[in-house]
Amino acid sequence: MDEKNIPIRTYQVCNVLEPSQNNWLRTDWIPRSGAQRVYVEVKFTLRDCNSLPGVTGTCKETFNLYYHESNEDRESYIKESSFIKVDTVAADESFTQVDVGDRIMKLNTEVRDVKVTTKKGFYLAFQDVGACIALVSVRVFYKTCPLTIRNLATFPDTVTGADTSSLVEVRGSCVNRSEEREEPKMYCGADGEWLVPIGGCFCSPGYEERGGACKACTAGFYKARSVDPACAKCPPHSYSLRDGATVCDCHTGYFRADSDPASMSCTQPPSAPQQLISVVNETSVVLEWAPPRRLGGRSDAIYSVECLIFGPGDRSISNSQTCLPCGSDVLFSPSQLGLRTTRVVVSELKAHTRYTFTVHARNGVSRASGAGSAPSVSVSVTTNQAAPSPVSMIQVLDVTRHSLLLSWQQPDRPNGVILEYEVKFYEKDQKERSYRIMRTFSQTVDVTGLSPLTVYVFHVRARTAAGYGDFSSPFEFSTNSDPFPLIGEGVNSAFLLLSVSGVGVLLLISAAAFIISRRRSKYSKTKQDSEEEKHLNPGVKIYVDPFTYEDPDQAIHDFAKEIDVSSIHIEKVIGMGEFGEVCSGRLRLQGKREIYVAIKSLKAGYSDKQRRDFLSEASIMGQFDHPNIIRLEGVVTRCKPLMIITEYMENGSLDAFLRKHDGQFTVIQLVGMLRGIASGMKYLSDMNYVHRDLAARNILVNSNLVCKVSDFGLSRVLEDDPEAAYTARVGHIPIRWTAPEAITYRKFTTSSDVWSYGIVMWEVVSYGERPYWDMNNQDVMKAVEEGYRLPAPMDCPVVLHQLMLDCWERERAERPSFSQILNMLDKLIRNPGTLRLGSEVCVSVVPEACVPEWSVYEWLQSIGLEIYRETFAAAGYNNLESLLALTHQ
Numbered sequence: 001m002d003e004k005n006i007p008i009r010t011y012q013v014c015n016v017l018e019p020s021q022n023n024w025l026r027t028d029w030i031p032r033s034g035a036q037r038v039y040v041e042v043k044f045t046l047r048d049c050n051s052l053p054g055v056t057g058t059c060k061e062t063f064n065l066y067y068h069e070s071n072e073d074r075e076s077y078i079k080e081s082s083f084i085k086v087d088t089v090a091a092d093e094s095f096t097q098v099d100v101g102d103r104i105m106k107l108n109t110e111v112r113d114v115k116v117t118t119k120k121g122f123y124l125a126f127q128d129v130g131a132c133i134a135l136v137s138v139r140v141f142y143k144t145c146p147l148t149i150r151n152l153a154t155f156p157d158t159v160t161g162a163d164t165s166s167l168v169e170v171r172g173s174c175v176n177r178s179e180e181r182e183e184p185k186m187y188c189g190a191d192g193e194w195l196v197p198i199g200g201c202f203c204s205p206g207y208e209e210r211g212g213a214c215k216a217c218t219a220g221f222y223k224a225r226s227v228d229p230a231c232a233k234c235p236p237h238s239y240s241l242r243d244g245a246t247v248c249d250c251h252t253g254y255f256r257a258d259s260d261p262a263s264m265s266c267t268q269p270p271s272a273p274q275q276l277i278s279v280v281n282e283t284s285v286v287l288e289w290a291p292p293r294r295l296g297g298r299s300d301a302i303y304s305v306e307c308l309i310f311g312p313g314d315r316s317i318s319n320s321q322t323c324l325p326c327g328s329d330v331l332f333s334p335s336q337l338g339l340r341t342t343r344v345v346v347s348e349l350k351a352h353t354r355y356t357f358t359v360h361a362r363n364g365v366s367r368a369s370g371a372g373s374a375p376s377v378s379v380s381v382t383t384n385q386a387a388p389s390p391v392s393m394i395q396v397l398d399v400t401r402h403s404l405l406l407s408w409q410q411p412d413r414p415n416g417v418i419l420e421y422e423v424k425f426y427e428k429d430q431k432e433r434s435y436r437i438m439r440t441f442s443q444t445v446d447v448t449g450l451s452p453l454t455v456y457v458f459h460v461r462a463r464t465a466a467g468y469g470d471f472s473s474p475f476e477f478s479t480n481s482d483p484f485p486l487i488g489e490g491v492n493s494a495f496l497l498l499s500v501s502g503v504g505v506l507l508l509i510s511a512a513a514f515i516i517s518r519r520r521s522k523y524s525k526t527k528q529d530s531e532e533e534k535h536l537n538p539g540v541k542i543y544v545d546p547f548t549y550e551d552p553d554q555a556i557h558d559f560a561k562e563i564d565v566s567s568i569h570i571e572k573v574i575g576m577g578e579f580g581e582v583c584s585g586r587l588r589l590q591g592k593r594e595i596y597v598a599i600k601s602l603k604a605g606y607s608d609k610q611r612r613d614f615l616s617e618a619s620i621m622g623q624f625d626h627p628n629i630i631r632l633e634g635v636v637t638r639c640k641p642l643m644i645i646t647e648y649m650e651n652g653s654l655d656a657f658l659r660k661h662d663g664q665f666t667v668i669q670l671v672g673m674l675r676g677i678a679s680g681m682k683y684l685s686d687m688n689y690v691h692r693d694l695a696a697r698n699i700l701v702n703s704n705l706v707c708k709v710s711d712f713g714l715s716r717v718l719e720d721d722p723e724a725a726y727t728a729r730v731g732h733i734p735i736r737w738t739a740p741e742a743i744t745y746r747k748f749t750t751s752s753d754v755w756s757y758g759i760v761m762w763e764v765v766s767y768g769e770r771p772y773w774d775m776n777n778q779d780v781m782k783a784v785e786e787g788y789r790l791p792a793p794m795d796c797p798v799v800l801h802q803l804m805l806d807c808w809e810r811e812r813a814e815r816p817s818f819s820q821i822l823n824m825l826d827k828l829i830r831n832p833g834t835l836r837l838g839s840e841v842c843v844s845v846v847p848e849a850c851v852p853e854w855s856v857y858e859w860l861q862s863i864g865l866e867i868y869r870e871t872f873a874a875a876g877y878n879n880l881e882s883l884l885a886l887t888h889q
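Mapping of the sequence shown onto full-length UniProt numbering: position 171 corresponds to residue 171, and the numbering continues sequentially without gaps.
Given below as structure tokens:
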């Protein structure tokens, strides 16, 4: 009888008086039906052996559960040895004879799970070894994660995995009228619950989510993009007459530009500009107007100015036969097309000439179909007479001790007939305090009565009937000296050029040698000074190697904070690390706001060494506190899996981030990223920590483009694997990023980190290019040993590549320190002009290492030969570098 006194069928055995019992009960063949792990629920009653007299030693209070897998139900007899034992089952409660008399049912329920994956079905068997037992029921079942819809993706009924800890990854299918935004996935847990939803679907344009399905937008509503949350009402001046509209049509007379979003109202072209006025000033005209009375509901109105010139004698606007578009020499300020302002200055017009100017107004829908031509307003003006423009160039034809023969070209815009020229000149030392005037009708003049070996400044201007124009810019020429007649008095000019070039080359060689010697010595000297300062400053925090601890848990306790696992909410898997999965999630500590974090976990089945290596990275990170070093939030060590919790960096690794955004940043932004990395490395070097694996892949970037140094696990790997120096297997030693002395002699110092930083600079400026491209590691080592260095990436400023080359000096004492690198980058950021492509600027932290950059004139002046400035300029020698091309000829 059961607990309700209803008779039930049971299987019973109670052979407790005889020893060595071996009684078996077997089920029929049970098909597996795709299950990988089945559960067996057994309900039974068991009598207490103490309630049976005289059975000491023969009575048992347990039975055994077995199973046997088979592909078909043909086995009428199965050997006992073929069965595999699941468990020995004992009762939580047993009964006595008194209980039976009182009809008290003491039913036991036990559940065991069995992994069945090799055959189509299986048998269950129960073995009795001498108990008084009644088997009431046996229920066999398996678990599934049920059919569900999550984030508009359907996940089918899914059988759980074979292991109790396994997760079955299931890809969802977007529901009807939807499209994938990110591959929808969920994990089916062993208990039949869905876990960690990732990705999902959006309703297609014209449809919105309602009740887990995508329904069409009704008339009068629309949805343009799948990412839009719901259908929206048609914007003003538009309509939709059908369900499922993706865009609303414009009413008659209204338009939408190609670049306008679907959510924007339909608009109209503007009306014509108003109140166009003109002011003539000799050969320039100022045009001003008021905005159109009707802007069409838009704010993107732009204006263009059309210019027409009329031929001589034409005074009628209606006579269009002789009017032509103005030439390209007419200037419009700020512009002729695409004007946002309502004012423009037109200059470089011809004098005494009639012009017509037409101002057109347009906006984003002016070119739309049916919008018509742009409305406009016009005005006609006649320019006044004007003085000629300045003379652009003065040349010297002959030089003597007391005279100069000068010539010039007619002004670019004479604005009439040139009546005469006026020449003003004075000694350069007098600075126009005392000058003389000469007038001439020709374009040459012979200026006499000058002092020998004296520099004179000349200005020329032209006069028409409208008066004098402006003087030209100053031109300097010098007379010859008394004892040594030069050009113009019979001396060979080649001899002069030979003398000058010889002096110049010698001087440049001396200057170059000085600069190189200063560069060679500046880093070693300043590095020695910085090392002395570090030893004289005992307050600097020094890094402690966690591997010096006998107990790694003590190092974790000293340097990292333990976090309660209940404070962590894992959201999705974002990658695989060396020790296990890397997930993103949220951390909510008591009394603090919730933050996004990255979670590294240690996979099951780890060894003691893996556990120590895993926790050592947290012990290292926990000692650092700097805005450019990845921040450790804490660890989970008191339950499994072990976890390391760090701040979440939205943009991932720097190399992948740069490749994704190739060419999208300014040089200043790239230098800002390099500045952050250098700041973090300066902090590490000040703590006497050597990173050994500095590379763009180990720099993380957050949403504000702040770069932070991460991955502090290589130092221990290198010490554990002395053969890794040349094999470069498993990334143990990154050959392409490592200094020569670190590869050859395993000498890792802050200077070797500086070498790696130079490679990181190259990666950043080249937007994630692989250093040394497709060269193998052996070829890279050989090339570097022979003096090869990476060339400047495309569009790399000279000053940045020079800093890279300084980081790659063969002698590590000659490389800059991170403090010096940081100072240099700060100077570049404060002076953006130094980052122009091709500019070479000294930005050394050692002031005397910078030699001022002279012009050719300043150099000639310093050696007393400034009178040959024009000779050098006419020959094309405009900077000191160009003088290196001089030959004796």
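Where is the CB? At the ideal position from N, CA and C, for every residue including glycine.
Here residue 621 carries a helix assignment [DSSP, helix/strand/coil]. Within the same chain, 793 come within 6 Å of residue 766 by CB-CB distance, once the 5 residues on both sides are set aside. DSSP, reduced to helix, strand and coil, places residue 667 within a helical segment of the structure shown.
As summarised for the stretch 754-807, the continuous alpha helix (DSSP H) elements at least 4 residues long and confined to that stretch are 777-785 and 798-807, given in chain order. Here DSSP, grouped into helix, strand and coil, assigns residue 705 to coil. As computed with DSSP, residue 23 is found in a beta bridge with 128. Only exposed fits residue 157, as fewer than 16 other CB atoms lie within 10 angstroms of its CB. Of the residues assessed, residue 804 falls on the buried side of the cut-off, its CB having 16 or more other CB atoms within 10 angstroms. For residue 69, the beta-bridge partners assigned by DSSP are 122.
Collapsing the DSSP output to three states places residue 430 in a helix. Residue 142 has its alpha-carbon roughly 38 Å from the corresponding atom of residue 18. Membership of residue 113 in the beta strand (DSSP E) is indicated by the continuous run 108-115. Boundaries of the beta strand (DSSP E) around residue 197: 194-203. Nearest C-alpha to residue 345 among 298, 277, 571 and 374: 277. Just so you know, the alpha carbons of residue 650 and residue 583 end up roughly 12 Å apart.
Membership of residue 404 in any alpha helix (DSSP H) is not indicated; the residue belongs instead to the beta strand (DSSP E) covering 404-408. The straight-line gap separating the alpha-carbon atoms of residue 325 and residue 293 is approximately 28 Å. In the DSSP annotation of this structure, residue 134 is not part of any alpha helix (DSSP H); the continuous beta strand (DSSP E) holding it starts and ends at 133-142. With 16 or more other Cβ atoms from the protein chains shown falling within 10 Å of its own Cβ, residue 184 counts as buried.
Counting every other CB atom within 10 Å of its CB across the protein chains shown gives residue 809 a total of 16 or more, marking it as buried. If you check the CB distance, residue 465 and residue 409 do not come in under 8 Å. Counting only runs of at least 3 residues, the stretch 4-52 fully encloses the following beta strand (DSSP E) elements, listed from N- to C-terminal order: 11-13, 23-26 and 37-46. If you check the CB distance, residue 403 and residue 447 come in under 8 Å. The beta carbon of residue 256 lies closer than 6 Å to those of 250 and 266 in the same chain, with the five residues before and after it left out. Check the Cα spacing between residue 118 and each of 637, 419, 70 and 213: the tightest is with 70. In this structure residue 572 is exposed. Its beta-carbon is surrounded by fewer than 16 other beta-carbon atoms within 10 angstroms. Using a Cβ distance threshold of 8 Å, residue 607 and residue 643 do not count as a contacting pair. Around the beta carbon of residue 830, a 10 Å sphere encloses fewer than 16 other beta carbons of the protein chains shown; the residue is thus reported as exposed.
From the listed residues 745, 697, 764 and 741, the smallest Cα separation to residue 755 is found for 741.
In the displayed model, residue 398 falls within a strand according to three-state DSSP. By the CB criterion at 8 Å, residue 173 and residue 190 fall outside the cutoff. When rounded, the separation of the alpha-carbon atoms in residue 611 and residue 692 is 22 Å. Assignment of residue 609 by DSSP, reduced to helix, strand and coil, places it in the helix class. In the same chain as residue 481, and ignoring 5 residues on each side of it, the C-beta atoms closer than 7 Å to its own belong to 452 and 453, in chain order.
Annotated three-state conformation of residue 575 is strand, per DSSP.
The C-beta of residue 782 has fewer than 16 other C-beta atoms within 10 Å across all chains shown, which makes the residue exposed.
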